[in-house]
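Residue numbers (the numbering used here), protein chains in the order written: chain A, 1242 to 1654; chain B, 1242 to 1654. Right, one structure below, let's go through it.
Protein chains: 2
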Amino acid sequence: MTQAAASSPQQIKNTGSLPQGFRAGGSTCGIKASGKSDLAVFVSDYPASAAGVFTQNRVCGAPVTVSRSRVPTSSARAVIINSGNSNAATGLPGIENAKAMTACLADALKCDSEQVFVCSTGVIGVPLPMEKLLKGIPQAAKQLGTADSDLLAAATAMMTTDTFPKLTSADIVIDGKNVRVAGVAKGAAMIAPNMATMLSVIITDAALTPDQCQDILRFGVDRTFNCISVDGHTSTSDTVLLLANGASGTGSASEAHLNTVRDAVQKVCQKLSTDIIRDAEGADHFITIDVAGLATRQFAFRMAKEIADSPLVKTAIVGADPNWGRIVSAAGYAGVDFDTTFLSLRINGVEVYRAGTPVPFSAASLSADLKANRDVHIQLELAGGPCSGSESVRFWTSDLTCEYVRLNSEYTT
Amino acid sequence: MTQAAASSPQQIKNTGSLPQGFRAGGSTCGIKASGKSDLAVFVSDYPASAAGVFTQNRVCGAPVTVSRSRVPTSSARAVIINSGNSNAATGLPGIENAKAMTACLADALKCDSEQVFVCSTGVIGVPLPMEKLLKGIPQAAKQLGTADSDLLAAATAMMTTDTFPKLTSADIVIDGKNVRVAGVAKGAAMIAPNMATMLSVIITDAALTPDQCQDILRFGVDRTFNCISVDGHTSTSDTVLLLANGASGTGSASEAHLNTVRDAVQKVCQKLSTDIIRDAEGADHFITIDVAGLATRQFAFRMAKEIADSPLVKTAIVGADPNWGRIVSAAGYAGVDFDTTFLSLRINGVEVYRAGTPVPFSAASLSADLKANRDVHIQLELAGGPCSGSESVRFWTSDLTCEYVRLNSEYTT
């Protein structure tokens, strides 16, 4: 097995700046045995439009149930996030605890608890330590700021097994006004002894209605957070929230304005979601999969996701094996009725398969390329026949290493 | 990680006997560098009814295309199988080569090539060594017999990375006549440097029409070969064939007769398919998943398959971790709209989750049990609410070990 060295997670240094009218902070209330920070707070000084996208898992955490019931809205004020305990599979008391967290922050901010969202990530099935939280949340509300270091502190307090904080921001200009979109995320990394949670909060001082928030968030998430997979196991707590408070003073949105904001949100989502994959547990390679030439985006998505989730594709990449057979056959069971004689495949730019048959190439040279580089590019294209068209999808995944197995199978009682 | 010792693959000793009017054999034509046997032949002395179930992968091997076009039929005579080369992704010449293999055996048997099926398993994208095959097949046709050792030789010649041959037979009595169903299979184990193929041939001296063959085979395969998964990657060459030659002399089939044969075919298919999982690459555990209480078999199947294919469930089992969170959450993203408050879960008979919340249990004791035993039993049951009902599914899978990653990532050019 190889250890691709280029752009390893440890080299990623992320920064971001808060939009106008937002404050953030990270603090410690004692949930984590490690003593690391465990409470992240995001506050809008003005009522904000907000939308959310949540896990589709039927088994979902209490915070998902509570936050989902509060979007869309035009009066959002804050998000409270704790790490170290997911408040999932905790039954009715879990719902009460999630609501109590929002009420506690609402008290401190002098707003209504319905204006506050809540997210939790960490161990499953264990009641939240409410005494620590109800003491810690008012303290956290006093430690908010507008500096880059405050956003970094918030992103850091969301981390579980992430090896680096995930945050970014993008600046745009609308009608001569400076507008900013900022975002933070925590990764789909393992939380012993249970599975991962992906959480993200996107905030902007653009002026958007709740419906516009929902449309823009859905568009961005469908092309970024929904196009990443480490192991295909959908978490019970996945949540992405978008808050827009209008503090940039741009006023209500024209079509061009909306497109500019949409692009910025997508850019922020893409940076955060690819950072999650770069930080995937035990991964040697960061894999970008482009599937093009399909009649619908859904067809392209299904083919890309089957390639991304195939353990045989992932282990081939670990072994620096340019194994086109595993890739095209994974596309073959995606439930898309295509004709292989129109299918071609490139790995790191080298054509290895065309019109249903292998193309001669130097396997040794391509293997050396896979060994030397952390980034891998898989390009599958359909050029005609049934289900072909002009739609495409870009998807990101990681490989499957022994280290992944080790991290996810260690168990100590 | 544990190495569960009980009933390891090496301890499995399989035997089986041929039904009346069938001959079989295994021989060597030199495809494999190892010099191991690589040609399996099954011949019915009388025209037989036949049906087949084939891979749903859009990228399929040439032998699948050829054999699929020849079922159902009432005049099948033989099956020729080579190991060491899958004749997949070989374009139009691959189709011609597959047909030439059947014509070669048909010549030796003095029948029509349309009466012969062909299967191939091994490396992908490499033209078949036709000179060796066209010389070897007539030789193989001369080395057929009716002894148990002949069936064993045929099962052995199909093997690739299987660690033991997979064969079995079941005897039943219909209208006072002895009837036998026999079967062989090769496993979904890795074929360097490409992916797996699952092949199986079931033969019986029962009297069946081609339609009855198809119904009985589909029923059996849906409950056995379609209920196993090592890594969720559907092969390009998977094939299961059923031949029924009526040599037992039972005459045409009553309903009771058909049910008896159907049960025997299912029993044979189950033995073969579970042996494939017992022989899964690098696996420490053999996992049986029962999902019960769903409104449709399809719902139960989807939930069982998501549990079976989740790398997080598989790695938990490797680590002897009774991780109910990973199991119920895998069921949660199966696309079945159930209510968790009706869901319960047992691991090795111990209830760990009920009505949407964890049940206190001794994790240390259950973990010790998982460490000590190769066989794991996961039982998920829905007791009410949306999508509940009386349908159930049994599914089999293996865990995901470092050894799996190692076997599937080794690459040498």
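Beta carbons are placed, not taken as given, at the ideal position from N, Cα and C, and that holds for glycine.
- Around the C-beta of Asn-1323 of chain A, 16 or more other C-beta atoms lie within 10 Å, and the residue is accordingly described as buried.
- The Cβ atoms of Thr-1529 of chain B and Trp-1637 of chain B sit closer than 8 Å to each other.
- Between the beta-carbon of Pro-1260 of chain B and that of Asp-1389 of chain B there is about 12 Å, and that puts the pair past the 8 Å contact cut.
- Rounded to whole angstroms, the gap between the alpha carbons of Ala-1349 of chain A and Val-1359 of chain A is 15 Å.
- Every beta strand (DSSP E) of 3 residues or more that sits fully in the segment 1353-1427 of chain A is shown, in chain order, as 1357-1364, 1407-1415 and 1418-1427.
- CA-CA distance, Ala-1395 of chain A to Ala-1533 of chain A, rounds to 38 Å.
- Of all residues in the segment 1454-1479 of chain B, only Val-1471, Asp-1472, Gly-1473, His-1474, Thr-1475, Ser-1476 and Thr-1477 place a beta-carbon less than 9 Å from a beta-carbon of chain A.
- Of all residues in the segment 1308-1336 of chain A, only Ala-1329, Ala-1330, Thr-1331 and Gly-1332 place a beta-carbon less than 8 Å from a beta-carbon of chain B.
- Listed in chain order, the alpha helix (DSSP H) runs fully inside the segment 1512-1536 of chain A amount to none, counting runs of at least 4 residues.
- DSSP, reduced to helix, strand and coil, places His-1498 of chain A within a helical segment of the structure shown.
- In the structure shown, the three-state DSSP call for Glu-1651 of chain B is coil.
- The DSSP-derived three-state label of Arg-1595 of chain B is strand.
- Contact with chain B is found for Thr-1581 of chain A, since one of that chain's Cβ atoms lies less than 8 Å from the residue's Cβ.
- Just measuring C-alpha positions, the residue of B:Val-1305, B:Thr-1409 and B:Ile-1548 sitting nearest Thr-1256 of chain B is B:Thr-1409.
- Where Gln-1455 of chain B is concerned, the enclosing alpha helix (DSSP H) starts and stops at 1451-1464.
- By the 16-neighbour rule on beta-carbons within 10 angstroms, Asn-1564 of chain B is buried.
- The residue among B:Gly-1424, B:Thr-1404, B:Asn-1649 and B:Val-1506 with its C-alpha nearest the C-alpha of Arg-1519 of chain B is B:Thr-1404.
- Closest in C-alpha terms to Ala-1572 of chain A, from the list A:Thr-1465, A:Val-1282 and A:Arg-1543, comes A:Arg-1543.
- In this structure, A:Ile-1413 is the residue among A:Arg-1464, A:Ile-1413 and A:Asp-1578 with its C-alpha nearest to the C-alpha of Ala-1497 of chain A.
- Remark: C-beta atoms of Met-1371 of chain A and Asn-1338 of chain A approach each other more closely than 8 Å.
- Nearest in C-alpha terms to Ser-1470 of chain B, of all of B:Arg-1635, B:Pro-1304, B:Val-1646 and B:Asp-1286, is B:Arg-1635.
- Assigned with DSSP and collapsed to three states, Ile-1443 of chain B falls in strand.
- Counting C-beta pairs closer than 8 Å gives three or more between the segment 1573-1593 of chain B and the segment 1294-1313 of chain A, which meets the contact rule.
- In the structure shown, Pro-1627 of chain A falls within a coil segment according to DSSP collapsed to helix, strand and coil.
- For the segment 1537-1557 of chain A, the set of positions with a beta-carbon nearer than 9 Å to some beta-carbon of chain B reads Glu-1547, Asp-1550, Ser-1551, Pro-1552, Leu-1553, Val-1554, Lys-1555, Thr-1556 and Ala-1557 in chain order.
- Check the Cα spacing between Ala-1303 of chain B and each of A:Ser-1629, A:Thr-1598 and A:Gly-1626: the tightest is with A:Thr-1598.
- Around the C-beta of Pro-1601 of chain A, fewer than 16 other C-beta atoms lie within 10 Å, and the residue is accordingly described as exposed.
- Per DSSP, the continuous alpha helix (DSSP H) segment holding Gly-1332 of chain B begins and ends at 1332-1350.
- Near chain B, meaning a CB-to-CB distance below 7 Å, the residues of the segment 1588-1603 of chain A are Gly-1597, Thr-1598 and Pro-1599.
- DSSP places Pro-1288 of chain B within a strand segment (E or B) once states are collapsed to three.
- The three-state secondary structure of Asp-1550 of chain B, taken from DSSP, is helix.
- Under the DSSP definition of a beta bridge, Gly-1566 of chain A lacks any partner.
- In this model, Gly-1461 of chain A and Ile-1415 of chain A are separated by some 19 Å (Cα to Cα).
- Neighbours of Thr-1642 of chain B in chain A, taken as residues at a C-beta separation under 7 Å, are given in chain order as Val-1646.
- Taking each of B:Asp-1578, B:Met-1342, B:Leu-1458 and B:Thr-1331 in turn and checking the Cα distance to Ala-1291 of chain B, the smallest one comes out for B:Leu-1458.
- The bridge partners DSSP lists for Arg-1264 of chain B are B:Val-1284.
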